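Enquirer: Would you mind keeping the following structure in view while I ask a few things?
There are 2 protein chains.
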Amino acid sequence: MAKSRTTKKVNKTPGSSEEKIKEAARKVFTKKGFAATRTRDIAEEAGINLALLNYYFRSKEKLFEIIMREKLFNFFGFIGPIINDESSSLDTKIDGIVAKYFELLMDNPDIPFFILGEARNNPEIISNAMPDKDLIKNSYFIKQVHEKKPDQDPYQFLLSMLGMIIFPFVMRPVFQRLTNSDNAKTLKMLLERRALIPIWCKALLKVK
Amino acid sequence: MAKSRTTKKVNKTPGSSEEKIKEAARKVFTKKGFAATRTRDIAEEAGINLALLNYYFRSKEKLFEIIMREKLFNFFGFIGPIINDESSSLDTKIDGIVAKYFELLMDNPDIPFFILGEARNNPEIISNAMPDKDLIKNSYFIKQVHEKKPDQDPYQFLLSMLGMIIFPFVMRPVFQRLTNSDNAKTLKMLLERRALIPIWCKALLKVK
DNA sequence: GTCTATATTGTGATAGAC
DNA sequence: GTCTATCACAATATAGAC
Numbered sequence: 141m142a143k144s145r146t147t148k149k150v151n152k153t154p155g156s157s158e159e160k161i162k163e164a165a166r167k168v169f170t171k172k173g174f175a176a177t178r179t180r181d182i183a184e185e186a187g188i189n190l191a192l193l194n195y196y197f198r199s200k201e202k203l204f205e206i207i208m209r210e211k212l213f214n215f216f217g218f219i220g221p222i223i224n225d226e227s228s229s230l231d232t233k234i235d236g237i238v239a240k241y242f243e244l245l246m247d248n249p250d251i252p253f254f255i256l257g258e259a260r261n262n263p264e265i266i267s268n269a270m271p272d273k274d275l276i277k278n279s280y281f282i283k284q285v286h287e288k289k290p291d292q293d294p295y296q297f298l299l300s301m302l303g304m305i306i307f308p309f310v311m312r313p314v315f316q317r318l319t320n321s322d323n324a325k326t327l328k329m330l331l332e333r334r335a336l337i338p339i340w341c342k343a344l345l346k347v348k
Numbered sequence: 141m142a143k144s145r146t147t148k149k150v151n152k153t154p155g156s157s158e159e160k161i162k163e164a165a166r167k168v169f170t171k172k173g174f175a176a177t178r179t180r181d182i183a184e185e186a187g188i189n190l191a192l193l194n195y196y197f198r199s200k201e202k203l204f205e206i207i208m209r210e211k212l213f214n215f216f217g218f219i220g221p222i223i224n225d226e227s228s229s230l231d232t233k234i235d236g237i238v239a240k241y242f243e244l245l246m247d248n249p250d251i252p253f254f255i256l257g258e259a260r261n262n263p264e265i266i267s268n269a270m271p272d273k274d275l276i277k278n279s280y281f282i283k284q285v286h287e288k289k290p291d292q293d294p295y296q297f298l299l300s301m302l303g304m305i306i307f308p309f310v311m312r313p314v315f316q317r318l319t320n321s322d323n324a325k326t327l328k329m330l331l332e333r334r335a336l337i338p339i340w341c342k343a344l345l346k347v348k
């Protein structure tokens with residue numbers, strides 16, 4: 141109904157069905173991946189009728205693409221300002237990247253796996269949905285790493301840094317089984333790790 | 141038919157249908173994961189009829205479990221002898237682990253993602269299918285790391301080492317898009333990396 | 001916009017001939 | 001052991017009432 145002047149809305153508000161579906165889709169897609177997710181799971185999680193999902197988003201694929209675009213932007217876009225700051229030192233950038241990613245990953249531990257997994261089945265999605273394809277390649281950060289270690293591929297350092305940051309989150313379920321850790325213990329380890337990684341990264345740049 | 145004395149076989153030979161299905165299942169499951177794999181994909185890849193898959197393995201789940209067990213054993217079992225060798229130094233173990241994992245990952249780059257992905261949906265599978273649940277926890281390697289850095293959780297080092305080794309393989313599709321690398325360039329990077337990581341790992345143990 | 005009911009397709013599994 | 005044909009059900013998507 142919602143025809144009266146007072147209740148008319150743009151319907152992008154948090155409580156709207158459209159937003160509830162997107163919120164549910166974020167949760168279910170990132171946790172289970174595209175193939176293992178059923179539209180019924182999303183509808184149920186959102187507390188709405190299944191038909192509404194198709195009413196708003198036409199298909200499972202279309203809804204998925206929207207969420208993926210969002211996540212890619214979250215994951216790569218937000219470090220743009222840090223890695224392209226020409227006034228900050230390399231050490232400062234390392235501190236910033238580690239801090240920002242830990243902040244993001246603590247709240248959204250499933251994002252990396254989600255992106256990496258879907259990129260496997262469909263690599264073009266990265267090129268298509270990335271805010272700026274050459275963001276990292278052309279970054280000032282990569283230039284600074286190259287200047288620091290001119291005889292080494294700067295991506296070697298980048299991969300080690302990202303690996304140290306992201307891998308524990310990706311590996312968490314396996315890790316907890318392998319080490320008999322509970323959530324509290326793992327959390328403690330991750331907090332300890334947030335302080336450790338910048339020190340280690342700087343050590344890597346000084347080797348030899 | 142195969143009734144005559146000369147052609148009678150145990151049918152675990154490489155050319156048998158059963159083995160062809162398993163080989164196809166290894167390939168398709170590890171590449172696409174359980175949910176995204178259709179039994180028809182496996183049958184087609186194996187060049188056999190779909191009905192044969194159920195004849196030999198009863199169900200998709202049962203076939204999957206067999207493959208998962210195999211992969212877990214490949215991935216964790218084979219470092220057992222290295223990490224529990226009480227006569228070798230920590231540095232020697234690092235060299236061995238890096239070399240062994242690179243060897244394995246160069247041939248089977250999809251294994252880590254496969255294991256990590258399925259462990260997400262079903263964490264118990266790790267406990268259930270692992271050759272030895274406490275292999276790493278009780279290893280002599282962990283003891284040696286702890287002795288070297290008594291004031292630090294030894295898993296911090298292990299996670300960094302594994303992250304540096306495994307993460308590039310997991311991230312490869314995304315990495316190639318982000319850096320505009322082709323396969324040849326990535327391969328060169330990985331070979332360079334195999335030599336670099338042991339040096340870096342030893343550097344991490346000397347920090348502070 | 002939201003629901004119920006249903007069409008349609010995809011997919012795992014089986015029956016039964018050879 | 002291997003195939004063809006088919007079942008049974010699950011899952012996406014749509015039609016149409018309200």
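Chains as they are written, first to last, in our numbering: chain A, 141 to 348; chain B, 141 to 348. Ideal Cβ placement from N, Cα and C applies to all residues, glycine included. No experiment lies behind these values; they were computed from the predicted model shown.
1) Per DSSP, what kind of secondary structure is residue 337 of chain B in: helix, strand or coil?
2) What are the boundary residues of the alpha helix (DSSP H) that residue 284 of chain B is part of?
3) Give me the chain B residues within the contact set of residue 166 of chain A, using Cβ-Cβ distance strictly less than 9 Å, ordered along the chain.
4) Using a Cβ-Cβ cut-off of less than 7 Å, list which residues of the stretch 311 to 330 of chain A approach chain B; keep chain order.
5) Give, in chain order, every unbroken run of the alpha helix (DSSP H) that is at least 4 residues long and sits entirely within the stretch 177 to 230 of chain A.
6) Quick check: residue 235 of chain B and residue 154 of chain B, are their CB atoms within less than 8 Å of each other?
7) Expressed to the nearest angstrom, what Euclidean distance is found between the alpha-carbon atoms of residue 182 of chain A and residue 278 of chain B?
8) Can you tell me the Cα-Cα spacing of residue 332 of chain B and residue 304 of chain A, whole angstroms?
9) Have a look at residue 326 of chain A and residue 281 of chain B and give me their C-alpha separation to the nearest angstrom.
10) Flag residue 193 of chain A as yes when its Cβ comes closer than 7 Å to any non-hydrogen atom of the ligand HEM, and as no otherwise.
11) Starting from residue 261 of chain A, find everything on chain B with Cβ-Cβ shorter than 8 Å and list it in chain order.
12) Per DSSP, what kind of secondary structure is residue 236 of chain B in: helix, strand or coil?
13) Does any CB atom of chain B fall closer than 8 Å to the CB of residue 308 of chain A?
14) In chain B, what lies closer than 7 Å to residue 295 of chain A by C-beta?
15) Assess, as a yes-or-no matter, whether the stretch 186 to 193 of chain A is touched by the stretch 219 to 227 of chain A under the definition of 3 or more beta carbon pairs within less than 8 Å.
16) Can you tell me which of the three DSSP states residue 255 of chain A falls into?
17) Using a beta-carbon distance below 8 Å, is residue 149 of chain B in contact with chain A?
18) Buried or exposed: residue 143 of chain B, going by 16 or more other Cβ atoms within 10 Å of its Cβ?
19) Within the chosen definition, does the stretch 304 to 322 of chain A reach the stretch 265 to 275 of chain B through at least 3 CB pairs nearer than 8 Å?
20) Inspect the beta-carbon positions of residue 344 of chain A and residue 308 of chain A and report whether they are closer than 8 Å.
21) Helix, strand or coil: how does DSSP classify residue 327 of chain B here?
22) With residue 420 of chain A as the anchor, note down where its alpha helix (DSSP H) starts and where it stops.
23) Roughly how many angstroms lie between the CA atoms of residue 298 of chain A and residue 328 of chain B, to the nearest whole one?
24) For residue 347 of chain B, which residues in chain A fall below 8 Å Cβ to Cβ?
25) Taking residue 174 of chain B as the reference, which of B:310, B:336, B:257, B:290 has the closest Cα?
26) In whole angstroms, what is the alpha-carbon distance linking residue 265 of chain B and residue 288 of chain A?
27) Rank A:284, A:313, A:342, A:259 by C-alpha distance to the C-alpha of residue 111 of chain A and give the top, closest one.
28) What does a CB cutoff of less than 6 Å around residue 207 of chain B pick up in its chain, not counting 5 residues either side in sequence?
29) Let me know the secondary structure DSSP gives residue 173 of chain B once reduced to three states.
30) Rounded to the nearest angstrom, how far is the Cβ of residue 260 of chain B from that of residue 249 of chain A, given a contact under 8 Å?
31) Residues in its own chain within less than 7 Å of residue 231 of chain A by CB, not counting five upstream and five downstream?
32) Less than 8 Å between CB atoms is the rule here; does residue 203 of chain A satisfy it with respect to chain B?
33) Since residue 255 of chain B meets chain A, which of its residues come closer than 8 Å, beta carbon to beta carbon?
34) For residue 251 of chain B, which residues of its own chain have a beta-carbon under 6 Å away from its beta-carbon, when the five flanking residues on both sides are left out?
35) Please list, in chain order, all residues of the same chain as residue 253 of chain A whose beta carbon is under 6 Å from its beta carbon, the five residues on each side excluded.
36) Select from B:348, B:340, B:334, B:346 the residue whose C-alpha is nearest the C-alpha of residue 239 of chain B.
Expert: In brief:
1) Counted from its first residue, the second sequence places residue 337 of chain B at position 197. Residue 337 of chain B: helix per DSSP, three-state reduction.
2) To locate residue 284 of chain B, count along the second sequence from 1; it is residue 144. Per DSSP, the unbroken alpha helix (DSSP H) holding residue 284 of chain B starts and ends at 280 to 288.
3) Here residue 166 of chain A is taken as the residue at index 26 of the first sequence, counted from 1. Per Cβ cutoff of 9 Å: no residues; residue 166 of chain A is ~16 Å from chain B at best.
4) Listed by position, the residues of the stretch 311 to 330 of chain A near chain B (Cβ gap below 7 Å) are 311, 313, 314, 317, 318, 319, 320, 329.
5) Segments of the alpha helix (DSSP H) lying fully in the stretch 177 to 230 of chain A: 179 to 186, 190 to 197, 200 to 212, 220 to 223.
6) Within the second sequence, the letter at position 95 stands for residue 235 of chain B. Within the second sequence, the letter at position 14 stands for residue 154 of chain B. Their beta carbons are not under 8 Å apart, which means residue 235 of chain B does not touch residue 154 of chain B by this criterion.
7) One-based indexing of the first sequence puts residue 182 of chain A at position 42. One-based indexing of the second sequence puts residue 278 of chain B at position 138. Cα to Cα, the separation comes out at about 42 Å.
8) As a first step, residue 332 of chain B is located in the second sequence; it is residue number 192 there, counting from the start. As a first step, residue 304 of chain A is located in the first sequence; it is residue number 164 there, counting from the start. CA-to-CA, the gap between residue 332 of chain B and residue 304 of chain A works out to about 19 Å.
9) The residue given as residue 326 of chain A occupies position 186 in the first sequence. The residue given as residue 281 of chain B occupies position 141 in the second sequence. Answer to the nearest angstrom: the Cα atoms are 20 Å apart.
10) For the structure depicted, the ligand HEM is absent and the ligand set is empty, with no information on it obtainable.
11) Here residue 261 of chain A refers to the residue found at position 121 when the first sequence is read from its first residue. Going along chain B in sequence order, the residues near residue 261 of chain A (Cβ under 8 Å) are 172, 176.
12) Looking up residue 236 of chain B in the second sequence gives position 96. Three-state DSSP puts residue 236 of chain B in a helix.
13) Translated into positions along the first sequence, residue 308 of chain A becomes position 168. It does: the Cβ of residue 308 of chain A has a partner Cβ on chain B nearer than 8 Å.
14) Translated into positions along the first sequence, residue 295 of chain A becomes position 155. The answer, in chain order, is 319, 329.
15) Contact between the stretch 219 to 227 of chain A and the stretch 186 to 193 of chain A is absent: fewer than 3 CB-CB pairs across the two stretches fall below 8 Å.
16) The residue given as residue 255 of chain A occupies position 115 in the first sequence. Of the three classes helix, strand and coil, the one that applies to residue 255 of chain A here is helix, per DSSP.
17) Residue mapping note: residue 149 of chain B aligns to position 9 of the second sequence, counting from 1. The predicted position of residue 149 of chain B is uncertain, since its pLDDT is 43 and thus under 50; a value taken from the coordinates is nonetheless stated next. Chain A, which has no Cβ nearer than 8 Å to the Cβ of residue 149 of chain B, makes this no.
18) Reading the second sequence from its first residue, position 3 is the one you call residue 143 of chain B. For residue 143 of chain B, the pLDDT reaches just 34, beneath the cut-off of 50, and the residue's location in the model is therefore unreliable, although a value from the coordinates is still provided. With a threshold of 16 other beta carbon atoms within 10 Å, residue 143 of chain B falls short and is exposed.
19) With contact defined as three or more Cβ pairs closer than 8 Å, the stretch 304 to 322 of chain A and the stretch 265 to 275 of chain B are in contact.
20) Locating residue 344 of chain A in the first sequence gives position 204, where the first residue counts as 1. Locating residue 308 of chain A in the first sequence gives position 168, where the first residue counts as 1. Residue 344 of chain A is not a Cβ neighbour of residue 308 of chain A, given a cutoff of 8 Å.
21) Against the second sequence, residue 327 of chain B aligns to sequence position 187. When secondary structure is reduced to three states using DSSP, residue 327 of chain B falls in the helix class.
22) Only positions 141 to 348 of chain A appear in this structure, which leaves residue 420 of chain A out of reach.
23) Indexing the first sequence from 1 puts residue 298 of chain A at position 158. Indexing the second sequence from 1 puts residue 328 of chain B at position 188. Each residue's Cα considered, the two are about 16 Å apart.
24) Taking the second sequence and counting its residues from 1, the one referred to as residue 347 of chain B is at position 207. The contacting residues are 339, 340, 343.
25) If you number the second sequence from 1, residue 174 of chain B lands on position 34. The candidate whose alpha carbon is nearest that of residue 174 of chain B is B:257.
26) Translated into the one-based positions of the second sequence, residue 265 of chain B becomes position 125. Translated into the one-based positions of the first sequence, residue 288 of chain A becomes position 148. About 44 Å.
27) Because residue 111 of chain A is not part of the residues shown, which for chain A are 141 to 348, the question remains open.
28) What you label residue 207 of chain B is simply residue 67 of the second sequence in a count that begins at 1. Closer than 6 Å at Cβ, skipping near neighbours: 165, 166, 169.
29) The residue given as residue 173 of chain B occupies position 33 in the second sequence. DSSP places residue 173 of chain B in the helix class (H, G or I) of the three-state scheme.
30) The residue you call residue 260 of chain B lines up with position 120 of the second sequence. The residue you call residue 249 of chain A lines up with position 109 of the first sequence. Between residue 249 of chain A and residue 260 of chain B the Cβ distance is about 10 Å, and since that is not below 8 Å, they are no contact.
31) The residue given as residue 231 of chain A occupies position 91 in the first sequence. Around residue 231 of chain A: 342.
32) Here residue 203 of chain A refers to the residue found at position 63 of the first sequence. Cβ-Cβ to chain B under 8 Å: no for residue 203 of chain A.
33) The residue labelled residue 255 of chain B in the question sits at position 115 within the second sequence. Going along chain A in sequence order, the residues near residue 255 of chain B (Cβ under 8 Å) are 314.
34) Locating residue 251 of chain B in the second sequence gives position 111, counting from the first residue. Once the five neighbours on either side are set aside, the close Cβ partners of residue 251 of chain B are 211, 215.
35) Here residue 253 of chain A corresponds to residue number 113 of the first sequence, with the count starting at 1. Contacts found: 310.
36) By one-based count along the second sequence, residue 239 of chain B stands at place 99. Cα-wise, what sits closest to residue 239 of chain B is B:334.
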